[in-house]
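Notes follow once the structure below has been shown.
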Amino acid sequence: MKTESPVAPAAERNAVGTSGGLHARARGDLELLERYHRHGDERARDELVERMLPVVRQLARRYQRGSEQLDDLVQVGSLGLVKAIERFDIDRGSPFMRYAVPTVLGEIKRHFRDTGWAAHVPRGMQERVMEVKRAIEDLSSTLGRSPSPAEIAERIDMDREDVLDAMEAATAYAAVSLDAPRPGDDGERESYAESIGDDDEQYEFVEDLATVMPALDVLPQRERLIVQLRFVDDLTQSEIAERIGVSQMHVSRLLRRALARVRTVAAAERRPRRAA
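Just so it is clear: in the sequence shown, position 44 is 44 by this note's numbering, and no numbers are missing.
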């Protein structure tokens with residue numbers, strides 16, 4: 001998997017343009033850092049922050065996605081910049097830019113890891129998502145179309161399955177309100193909440209019916225009809241009596257007798273399985 005190491009030189013080149021400009025920039029940064037660290041000159045720190053803000057904005061733009069506001073990412077990156085200024089060792093002699101850029105990137109990544117995701121996604125997967133996202137943007141610009149997972153995998157030296165996992169994990173970044181309308185071509189679109197199914201109370205009934213059906217086969221036709229009218233068609237005993245032309249009391253006796261037979265047969269059917 002490729003690393004982020006090319007980002008710092010690219011940021012430096014875009015900020016100042018030429019090699020001579022880089023050296024001049026580094027000297028200017030060091031002078032401001034010395035004034036701040038050795039003499040406590042806070043104006044020097046503020047000036048260095050102003051000089052570095054274009055670089056911070058460029059890095060923040062690379063990580064902008066979805067509803068994330070660029071200004072918010074710039075603020076996060078600016079916090080990383082201030083941390084870099086405070087922690088930089090001026091006696092090491094290395095360019096400040098080389099230290100500042102990874103620090104700013106680390107702060108932006110930490111922001112996404114801690115606050116940006118609607119669902120918990122492991123840190124390694126989050127970084128993979130960002131890498132795939134950048135590859136998609138680069139390839140889309142080069143190819144003039146959306147790249148395939150295989151093309152993305154080849155570009156960043158990653159397994160195709162890992163690319164697909166990252167693309168799926170990217171959907172966990174932003175949550176969608178259940179009240180939001182579902183995408184579609186029709187004018188009046190239902191919300192996501194309206195498309196969620198409810199528990200069907202008949203599922204349990206169907207399962208019970210599948211258990212009872214073999215036992216119902218032993219019943220005489222009239223008793224089987226009464227059981228069906230009562231428990232399937234949900235008729236009252238009075239309605240059943242009117243339907244088949246007998247008294248309600250007679251329906252009650254037939255129903256009790258039928259249920260007793262069903263329980264007996266069902267119990268007999270279960271015994272061999274329990275013994276087994």
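C-beta: ideal position from N, C-alpha, C; glycine also. Every value quoted in this text rests on a predicted model; they were computed, and no experiment measured them.
Run of the alpha helix (DSSP H) containing residue i, from where it starts to where it stops
i: Arg-230; result: 221 to 231
i: Phe-161; result: Contrary to the premise, residue 161 reads as Glu rather than Phe in this sequence. Counting along the chain, the alpha helix (DSSP H) containing Glu-161 begins and ends at 160 to 169.
i: Glu-242; result: 237 to 244
i: Phe-96; result: 96 to 111
i: Ile-85; result: 70 to 87
i: Ile-152; result: 149 to 156
i: Val-136; result: At residue 136 the sequence reads Ile, which differs from the Val that was named. Note, Ile-136: alpha helix (DSSP H), 123 to 143.
Nearest residue (CA-CA) to residue i, options the options
i: Ala-170; options: Asp-157, Ala-84, Ile-226, Ile-136; result: Ile-136
i: Glu-223; options: Ile-244, Asp-234, Glu-239; result: Ile-244
i: Asp-165; options: Thr-142, Leu-139, Pro-122; result: Pro-122
i: Arg-51; options: Arg-98, His-37, Arg-25, Pro-102; result: Arg-25
i: Val-163; options: Ser-247, Arg-134, Glu-42; result: Arg-134
i: Val-232; options: Met-213, Ile-108, His-37; result: Met-213
i: Val-104; options: Leu-73, Gly-124, Ser-94, Pro-95; result: Leu-73
Spatial distance of residue i from residue j (CA atoms)
i: Asp-29; j: Arg-62; result: 24 Å
i: Glu-86; j: Arg-160; result: 42 Å
i: Thr-18; j: Leu-53; result: Legend: pLDDT at Thr-18 = 49, less than 50; position of this residue unreliable, no value from coordinates given.
i: Met-167; j: Val-129; result: 7 Å
i: Ala-153; j: Gln-126; result: 16 Å
i: Pro-9; j: Leu-32; result: The predicted position of Pro-9 is uncertain, since its pLDDT is 45 and thus under 50; a value taken from the coordinates is nonetheless stated next. C-alpha separation (whole angstroms): 21 Å.
i: Asp-91; j: Gly-77; result: 25 Å
i: Ala-215; j: Arg-256; result: 15 Å
i: Ala-44; j: Arg-35; result: 6 Å
i: Val-49; j: Met-97; result: 12 Å
i: Gln-248; j: Glu-239; result: 8 Å
i: Glu-68; j: Ser-140; result: 21 Å
i: Thr-236; j: Leu-225; result: 13 Å
Buried or exposed by the 16-neighbour rule on C-beta atoms within 10 Å, applied to residue i
i: His-23; result: exposed
i: Glu-131; result: buried
i: Ala-150; result: exposed
i: Leu-280; result: Outside the shown range of the chain (1 to 276) lies residue 280, about which nothing can therefore be said.
i: Arg-253; result: exposed
i: Gln-75; result: exposed
i: His-39; result: exposed
i: Ala-260; result: exposed
i: Arg-145; result: exposed
i: Ala-258; result: buried
i: Pro-220; result: exposed
i: Val-251; result: buried
Minimum Cβ-Cβ distance from residue i to chain C less than 8 Å
i: Glu-223; result: Protein chains in the displayed structure number just one, and chain C is not present.
Residue i: CB within 7 Å of a non-hydrogen atom of the ligand NAD
i: Arg-38; result: The ligand NAD is not among the ligands present in this structure, which contains no ligands whatsoever.
If we require 4 or more residues per run, which alpha helix (DSSP H) segments fall completely within the stretch 38 to 64?
42 to 62
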